[in-house]
Structures are given as structure tokens and as C-alpha cells.
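Student: Keeping their order, the protein sequence lines are chains A and B. First residue of the first sequence? That's 0 in numbering that gives the first Met the number 0, and the numbers climb one at a time after it. First residue of the second sequence? That's 0 in numbering that gives the first Met the number 0, and the numbers climb one at a time after it. Got a structure for you, written out below as C-alpha cells; questions coming shortly.
There are 2 protein chains.
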Amino acid sequence: MAEPRPEPLVRSSLADKPQSAAFSPLYRQIKALLLQSLQQGEWKPGELIPSELDLAARFQVSQGTVRKAVDELAAEHMLQRRQGRGTFVSTHNEARVRFRFLRLAPDQESDAQPAQSRILSCKRLRAPLDIARVLDLRTGETVVAIRRLLSFGDVPSVVDDIWLPGGVFKGLTAEVLARNRGPLYALFETEFGVSMVRADEKIRAVAANEDAASILRIDQGTPILQVDRLSYSYGDRPVEIRRGWYLTDRYHYRNSLN
Amino acid sequence: MAEPRPEPLVRSSLADKPQSAAFSPLYRQIKALLLQSLQQGEWKPGELIPSELDLAARFQVSQGTVRKAVDELAAEHMLQRRQGRGTFVSTHNEARVRFRFLRLAPDQESDAQPAQSRILSCKRLRAPLDIARVLDLRTGETVVAIRRLLSFGDVPSVVDDIWLPGGVFKGLTAEVLARNRGPLYALFETEFGVSMVRADEKIRAVAANEDAASILRIDQGTPILQVDRLSYSYGDRPVEIRRGWYLTDRYHYRNSLN
DNA sequence: TAGTGGTCTAGACCACGTT
DNA sequence: ACGTGGTCTAGACCACTAG
Numbered sequence: 000m001a002e003p004r005p006e007p008l009v010r011s012s013l014a015d016k017p018q019s020a021a022f023s024p025l026y027r028q029i030k031a032l033l034l035q036s037l038q039q040g041e042w043k044p045g046e047l048i049p050s051e052l053d054l055a056a057r058f059q060v061s062q063g064t065v066r067k068a069v070d071e072l073a074a075e076h077m078l079q080r081r082q083g084r085g086t087f088v089s090t091h092n093e094a095r096v097r098f099r100f101l102r103l104a105p106d107q108e109s110d111a112q113p114a115q116s117r118i119l120s121c122k123r124l125r126a127p128l129d130i131a132r133v134l135d136l137r138t139g140e141t142v143v144a145i146r147r148l149l150s151f152g153d154v155p156s157v158v159d160d161i162w163l164p165g166g167v168f169k170g171l172t173a174e175v176l177a178r179n180r181g182p183l184y185a186l187f188e189t190e191f192g193v194s195m196v197r198a199d200e201k202i203r204a205v206a207a208n209e210d211a212a213s214i215l216r217i218d219q220g221t222p223i224l225q226v227d228r229l230s231y232s233y234g235d236r237p238v239e240i241r242r243g244w245y246l247t248d249r250y251h252y253r254n255s256l257n
Numbered sequence: 000m001a002e003p004r005p006e007p008l009v010r011s012s013l014a015d016k017p018q019s020a021a022f023s024p025l026y027r028q029i030k031a032l033l034l035q036s037l038q039q040g041e042w043k044p045g046e047l048i049p050s051e052l053d054l055a056a057r058f059q060v061s062q063g064t065v066r067k068a069v070d071e072l073a074a075e076h077m078l079q080r081r082q083g084r085g086t087f088v089s090t091h092n093e094a095r096v097r098f099r100f101l102r103l104a105p106d107q108e109s110d111a112q113p114a115q116s117r118i119l120s121c122k123r124l125r126a127p128l129d130i131a132r133v134l135d136l137r138t139g140e141t142v143v144a145i146r147r148l149l150s151f152g153d154v155p156s157v158v159d160d161i162w163l164p165g166g167v168f169k170g171l172t173a174e175v176l177a178r179n180r181g182p183l184y185a186l187f188e189t190e191f192g193v194s195m196v197r198a199d200e201k202i203r204a205v206a207a208n209e210d211a212a213s214i215l216r217i218d219q220g221t222p223i224l225q226v227d228r229l230s231y232s233y234g235d236r237p238v239e240i241r242r243g244w245y246l247t248d249r250y251h252y253r254n255s256l257n
């Protein structure tokens with residue numbers, strides 16, 4: 000379990016001439032190493048990572064320094080601490096995590112229904128220019144384009160158009176998607192090793208176009224939410240583009256301003 | 000500067016019979032005391048609070064314990080730490096704080112325009128039932144009802160209907176509002192001692208009604224965002240209800256899923 | 001009972017801003 | 001030069017979970 004330390008850690012201000020240039024505290028260097036282990040799959044989603052004392056020994060620092068690194072990763076929801084048990088890698092196989100990424104909530108609590116997902120289409124195609132640019136793909140690389148309907152108790156509520164880099168999601172087909180129970184991000188995690196960690200969204204009110212209207216069974220022109228999402232994995236790597244159309248007559252997009 | 004300690008702090012597990020009932024660590028008790036000082040106005044927005052060592056002496060705990068309490072308040076944006084200078088009470092007189100509560104952003108960065116505020120109306124009236132319930136008012140108590148237009152470079156973009164508890168906002172009139180430069184929340188802070196600390200929002204796409212359409216100079220029925228906000232002050236006290244209509248043709252509501 | 005994370009302390013030193 | 005917050009350490013003890 001104890002491993003050699005491949006990277007020399009830079010202690011405080013050594014070899015710094017002027018002010019400190021790009022001074023990085025020890026715990027941030029530890030954090031970066033932990034992040035690297037997560038990214039490389041040394042510990043998989045849902046798994047237990049070594050104890051603080053083990054990590055401290057491995058990195059040759061005090062427990063307090065490891066603690067601060069882990070604290071930050073836990074605050075960013077990449078790790079999850081459980082007193083008495085240990086520290087676990089976050090996974091999308093938990094309702095708590097899922098609601099961080101699914102912000103549509105019923106106006107009445109009593110209307111809460113589990114979401115039903117249905118894949119409408121799944122194609123591989125050459126990445127459009129705008130998609131390629133955002134996903135950091137070379138022109139001509141393939142992407143997976145998915146259209147999905149989310150329903151709450153038989154009421155069609157969300158249409159999602161999803162674009163994924165084809166290279167990373169090799170073997171992702173309509174069949175694989177159809178077989179999948181549970182959230183998409185959990186599938187991405189377990190089958191393709193891609194963990195969604197963070198996302199930015201841009202929200203607008205638009206008139207439903209023909210596509211959205213027919214799928215959501217509403218009149219064309221009905222006001223709906225258009226949610227453009229860009230999702231990131233470890234290391235701020237963009238790995239998913241998503242455009243959602245949300246019906247908000249009995250549901251709403253919830254948000255907290257902190 | 001050094002003050003007596005009015006509250007006996009409970010050290011760890013004293014007088015706990017079964018498990019620990021409602022065990023609260025020291026640093027959370029310190030945090031509560033700091034919060035209380037903020038709420039009571041001992042330190043006002045923008046002001047410097049005592050140093051960690053001073054606070055440690057005042058509460059008879061170690062610097063590390065004070066540090067953890069301050070860390071949490073800083074993470075919640077109630078305090079702001081500045082290395083070498085000290086710790087300050089957060090204020091809405093800063094662009095950084097304002098953008099936490101104004102989520103409408105231009106689609107093109109280059110279109111960034113400072114927001115212009117215009118008060119359309121300001122009345123005092125008996126609180127409607129639903130408003131009273133949410134703001135914790137007795138039936139019949141008065142509220143201040145404000146309608147405000149926000150424009151970005153002469154383009155009317157946001158209409159806000161705002162309800163405030165009349166008791167707290169005594170003396171808030173159209174004239175006071177008209178005189179005000181800068182953000183509303185800064186005015187609330189300095190003139191009425193009410194600091195907005197957090198808010199929940201519910202977002203829907205709706206068709207512009209007659210009011211909104213005429214003010215925003217758009218066709219009735221145009222899809223717009225309807226943003227219902229409930230704002231809280233220190234101690235989770237609800238102090239503002241706000242319904243905003245956002246034009247999202249050249250702007251969007253930005254959000255981050257963390 | 002053993003092992004984990006959580007709290008608390010005390011002290012040393014560093015980085016930063018002001019005087 | 002001084003005082004602030006920021007980092008790092010070492011050690012003691014508490015709270016929680018599991019075997």
C-alpha cells in the first residue's frame with residue numbers, strides 16, 4: 000500500500016528569488032496529486048481512498064496537511080467524508096449527487112415523481128464546428144449525438160440533446176443506453192471512466208420549436224426553458240455539451256444564490 | 000477591546016448522557032457568536048472585525064478554533080479574509096458580490112453594459128396572504144411593494160416586483176429609492192441594516208403578460224424568464240420576495256452546478 | 001476493540017500589506 | 001518593523017462505525 004513518492008514536493012518558499020512567483024502551498028500540491036490519482040482511476044467512484052494517516056505517510060507530510068487537501072476536494076464534491084468509515088470517491092449513483100445536476104423540481108412537493116428516461120436517438124457523426132471547438136476536438140473528429148426524453152410520471156418534461164466526444168465514448172450506442180437503468184452520468188462513470196464533476200449552464204426562455212413541441216406534446220411556440228450546459232470532468236476537461244428544453248408549467252428550475 | 004464572555008461555551012462532550020444529543024463543536028459555537036455580532040451590528044458591512052488572536056482571547060479558545068469558525072463564515076460569503084490586512088464584513092458595495100445575485104449576463108462578453116435601475120413604483124400596502132406567510136408577517140401588517148426596471152445600455156431587460164416587510168423598511172419611499180445610486184441591496188444594508196446573505200430562486204419560462212410586455216417593449220406573449228426569489232438575511236430570516244421577468248434574447252441566466 | 005474522520009491546542013514560520 | 005492572515009507540524013482526545 001505504501002508507495003514511493005515520485006514527485007518532489009516543494010516546501011514553502013525555496014528557490015524563490017523575487018516575491019514568490021507561482022508559490023503553491025504544500026496542501027495544494029497534495030490536492031493536485033490526489034486529483035491526479037482520481038483522474039487516472041487509482042480510486043474509482045464509490046471506492047474508499049486510503050486513510051489520512053496513510054496518505055500523510057505516502058506524501059511525507061503531516062495529517063493536517065492531507066486533511067486540508069481532502070477538505071477542499073470534499074467541498075468540491077469530488078470526495079465524500081464519512082466519520083468512522085473513511086473517505087470515498089463521489090459517485091453519481093446517489094440521489095444526493097443527482098439532484099446537483101437535475102435542477103428541475105415540482106412546484107408541489109407532493110408531485111414528486113421519479114424521472115423516466117427514454118432514448119429517442121443516438122448517432123455518431125462528424126463534430127459540427129461549434130461543438131468541436133468547445134469540446135477541444137480536431138475538425139472532423141466524431142461525436143456521439145443523443146436525444147433523450149425525461150418524463151415525470153408519464154408527463155414528458157425534458158428533452159435533452161447531448162454531444163459527447165466519440166473517442167472517449169467508444170462503444171456508446173442506443174442499445175447500451177437503452178439497457179441502462181439509472182442516471183446517464185452513472186453510466187458514463189462506470190462504463191467509460193468519465194466522471195462529471197462540474198457544469199456551467201446558460202438559461203433562456205424560448206418558444207418551443209416543432210421538434211420540442213411534438214416531443215413534449217405542447218403547442219409550438221409555448222414558452223419553455225432552454226438550458227445550455229457544458230460539463231467538465233477532473234481537471235476542468237470539457238466532456239459534454241447538452242441543450243435541454245424544460246417544460247415549466249408544473250415544474251421549475253431551482254437555484255440557490257450563496 | 001477585550002470583553003467578558005457572557006455565554007458559557009460547552010467544551011466537547013460534557014454532561015451528555017446517551018450518545019451526544021445535540022453536540023455542537025466549539026468552533027460552531029464561536030461561529031454562532033460571530034453571527035450574532037454580525038446580526039446585532041457590532042461590526043457593520045465593510046468594516047474590519049477583530050484579529051483572530053483578539054477573538055481567540057475574547058472567547059478563550061485557541062486561534063485555530065476561531066480560524067475554523069471564520070473559515071466557514073468566509074465560505075458562506077459573510078466575511079471576507081484579506082491576507083496582511085484582516086477580516087472584513089462582506090458588503091454589497093462590490094461588483095463581486097453583486098454578480099452573485101445578478102445572474103443575467105450578456106451572450107457576448109463585448110456587450111457588457113452597466114445596469115441602469117429605474118423605480119417605476121413604490122407603495123405601502125397590507126400584505127397579501129401568500130406574501131405575509133412567506134415573510135413571517137402577521138395578517139394585516141404592511142409591506143413595501145416596489146416595481147423596478149433594470150436596463151442594460153438603454154435596453155430594458157429586467158422588471159422586478161419586490162416585496163419587503165414594512166416594519167423593517169420604515170422610511171423606504173420612492174424618493175429614497177430614486178436618490179440611490181448603486182445596488183438596491185447596498186441601500187438596504189446601509190440605510191436599513193438589512194444584509195442579504197443568501198437567496199433561493201425558482202425559474203420558469205412564461206409568456207409576457209401585458210404589464211411586462213409594455214415595460215420591456217416586447218410583444219405580449221413573448222417568452223421570458225420568470226424568476227421568483229426569496230432572500231434571507233443573517234440567521235435564515237426571510238426578508239425579501241422578488242419576482243423578476245428577464246428578457247433573454249441577448250442575455251442569459253448563468254449558473255454553475257458544483 | 002480497533003480504526004476512521006473530527007475537534008482542539010500550541011507553537012513555529014511564511015506571505016502580505018501597512019507603517 | 002510590525003501585525004495580519006496563511007501554512008505546517010505534532011500530539012491529545014472525541015465521535016462514530018464496524019467487526
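Backbone N, C-alpha and C define an ideal beta-carbon position, used for all residues, glycine too. Predicted, not measured: the structure shown is a model, and the values here were computed from it.
1) Would you kindly check if the distance between the Cβ of leucine 163 of chain A and the Cβ of glutamate 337 of chain A is under 8 angstroms?
2) Where valine 9 of chain B and phenylalanine 22 of chain B are concerned, what is the direct C-alpha to C-alpha distance, given to the nearest angstrom?
3) In whole angstroms, what separates the C-alpha of leucine 229 of chain A from that of aspartate 159 of chain A?
4) Of all Cβ atoms in chain B, is any one closer than 8 angstroms to the Cβ of aspartate 199 of chain A?
5) State the Cα-Cα distance for the pair leucine 47 of chain B and lysine 201 of chain A, rounded to the nearest angstrom.
6) Have a look at serine 255 of chain B and glycine 83 of chain A and give me their C-alpha separation to the nearest angstrom.
7) Taking the beta strand (DSSP E) that serine 232 of chain B falls in, what are its first and last residues?
8) So, for alanine 14 of chain B: in the same chain, excluding its five sequence neighbours on each side, which residues have a beta-carbon less than 8 angstroms away from its beta-carbon?
9) If you drop the 5 nearest sequence neighbours on each side, which residues of the same chain put their C-beta closer than 6 angstroms to that of methionine 0 of chain A?
10) Who are the neighbours of arginine 253 of chain A on chain B, taking C-beta pairs under 9 angstroms?
11) What are the boundary residues of the beta strand (DSSP E) that includes serine 120 of chain A?
12) Whole alpha helix (DSSP H) runs in the region 25-80 of chain A with 4 or more residues, listed along the chain?
13) So, are the CB atoms of leucine 119 of chain B and arginine 97 of chain B less than 8 angstroms apart?
14) Closest to aspartate 235 of chain B by CA distance: which of B/Gln38, B/Arg27, B/Pro24, B/Arg253 is it?
15) If I measure Cβ to Cβ from serine 232 of chain B and keep anything under 7 angstroms in the same chain, skipping five residues before and after, which residues do I get?
16) Does DSSP classify phenylalanine 22 of chain B as helix, strand or coil?
17) For the alpha helix (DSSP H) that contains serine 213 of chain A, what are its first and last residues?
18) When the cut-off is 8 angstroms and only beta carbons count, does valine 69 of chain A lie next to chain B?
19) Mind pulling the chain B residues with CB within less than 8 angstroms of asparagine 257 of chain A?
20) Taking only runs that begin and end inside the region 111-191 of chain B, name each unbroken beta strand (DSSP E) of 3 or more residues, in chain order.
21) Starting from proline 237 of chain B, find everything on chain A with Cβ-Cβ shorter than 9 angstroms and list it in chain order.
22) Would you say proline 105 of chain B reaches chain A, if we count a Cβ-Cβ gap shorter than 8 angstroms as a contact?
23) Assign glutamate 108 of chain A to one of three DSSP states: helix, strand, or coil.
24) Three-state secondary structure (DSSP) at valine 205 of chain B?
25) Which residues in the same chain have their Cβ closer than 6 angstroms to the Cβ of phenylalanine 87 of chain B, if we skip the five residues on either side of it in sequence?
26) Taking CB distances under 8 angstroms as the criterion, tell me whether isoleucine 29 of chain B reaches chain A.
27) State buried or exposed for leucine 34 of chain A, treating a residue as buried only when at least 16 other CB atoms are found within 10 Å of its CB.
28) In the DSSP output, which residue or residues are listed as bridge partners for asparagine 92 of chain A?
29) Could you tell me if leucine 215 of chain B is buried or exposed, where buried requires 16 or more neighbouring beta carbons within 10 angstroms of its beta carbon?
30) Among A/Arg66, A/Pro113, A/Ser50, A/Ala56, which has the Cα closest to the Cα of glycine 152 of chain A?
31) Return no unless some Cβ of chain B is closer than 8 angstroms to the Cβ of valine 133 of chain A.
32) Are any of the Cβ atoms in chain B nearer than 8 angstroms to that of serine 19 of chain A?
33) Relative to the alpha-carbon of glutamine 225 of chain A, which residue among A/Glu41, A/Glu174, A/Val205, A/Val143 has its alpha-carbon at the smallest distance?
34) In the DSSP output, what is phenylalanine 87 of chain A paired with across the bridge?
35) Tell me whether arginine 249 of chain A sits in a helix, a strand or coil according to DSSP, three-state version.
36) Please work out which residues of its chain come closer than 7 angstroms, Cβ to Cβ, to glycine 45 of chain B, disregarding the five sequence neighbours upstream and downstream, and give them in chain order.
Tutor: So, from the data block:
1) Summary: the structure shown does not reach residue 337 of chain A, with chain A confined to residues 0 through 257, and so no result is reported for it.
2) Valine 9 of chain B and phenylalanine 22 of chain B: Cα-Cα distance of roughly 9 angstroms.
3) Per the coordinates, the alpha-carbon of leucine 229 of chain A lies some 13 angstroms from the alpha-carbon of aspartate 159 of chain A.
4) A Cβ of chain B is located within less than 8 angstroms of the beta carbon of aspartate 199 of chain A.
5) Cα to Cα, the separation comes out at about 36 angstroms.
6) Rounded to the nearest angstrom, the two C-alpha atoms are 32 angstroms apart.
7) Its beta strand (DSSP E) spans residues 222-232.
8) Its pLDDT being 38, under 50, alanine 14 of chain B is placed unreliably by the model, and nothing is read from it.
9) Here the model assigns methionine 0 of chain A a pLDDT of 37, short of 50, so the residue's position is not dependable, and the following value carries that caveat. The same chain holds no residue with a CB closer than 6 angstroms to that of methionine 0 of chain A once the five nearest residues on each side in sequence are set aside.
10) When 9 angstroms is used as the limit between beta carbons, arginine 253 of chain A is near these residues of chain B: Asp199, Glu200, Lys201, Ile202, in chain order.
11) It spans 114-125 - the beta strand (DSSP E) in which serine 120 of chain A sits, taken as one unbroken run.
12) Correct list: 25-38, 51-58, 62-74.
13) In this structure, leucine 119 of chain B keeps its C-beta atom at 8 angstroms or more from the C-beta atom of arginine 97 of chain B.
14) Per the Cα distances, B/Gln38.
15) Within the same chain, Cβ atoms closer than 7 angstroms to the Cβ of serine 232 of chain B are found at Val193, Ser194, Met195, Val196, Val238, the five residues on either side in sequence being excluded.
16) Here phenylalanine 22 of chain B carries a coil assignment [DSSP, helix/strand/coil].
17) Its alpha helix (DSSP H) spans residues 209-215.
18) Output row for valine 69 of chain A: interface = no.
19) What asparagine 257 of chain A touches in chain B: Glu75, His76, Arg99, Arg197.
20) For the region 111-191 of chain B, the continuous beta strand (DSSP E) assignments of 3+ residues that do not extend past its boundaries occur at 114-125, 141-151, 154-164, in sequence order.
21) Proximity of chain A to proline 237 of chain B at the Cβ level (cut-off 9 angstroms) is not reached, the minimal Cβ distance being about 14 angstroms.
22) So, not an interface residue.
23) In the structure shown, glutamate 108 of chain A adopts helical secondary structure according to DSSP, grouped into three states.
24) Here valine 205 of chain B carries a strand assignment [DSSP, helix/strand/coil].
25) Same-chain partners within the cutoff: Leu47, Gln79.
26) For isoleucine 29 of chain B, the nearest beta carbon of chain A is not closer than 8 angstroms to its own beta carbon.
27) Its Cβ being crowded by 16 or more others within 10 Å, leucine 34 of chain A is buried.
28) Bridge partners of asparagine 92 of chain A: none, in fact.
29) Flag for leucine 215 of chain B reads buried.
30) When each option's Cα is compared against that of glycine 152 of chain A, the closest is A/Pro113.
31) No - not a single Cβ of chain B is within 8 angstroms of the one on valine 133 of chain A.
32) Per-residue confidence for serine 19 of chain A stands at a pLDDT of 45, beneath the threshold of 50, marking its modelled position as unreliable; the derived number appears in the next sentence. No, its Cβ sits nowhere closer than 8 angstroms to a Cβ of chain B.
33) Closest option to glutamine 225 of chain A, Cα to Cα, is A/Val205.
34) Paired residue(s): A/Leu47, A/Gln79.
35) The answer is coil: DSSP assigns arginine 249 of chain A none of H, G, I, E or B.
36) So the qualifying residues of the chain are Phe87, Val88, Thr90, Asn92.
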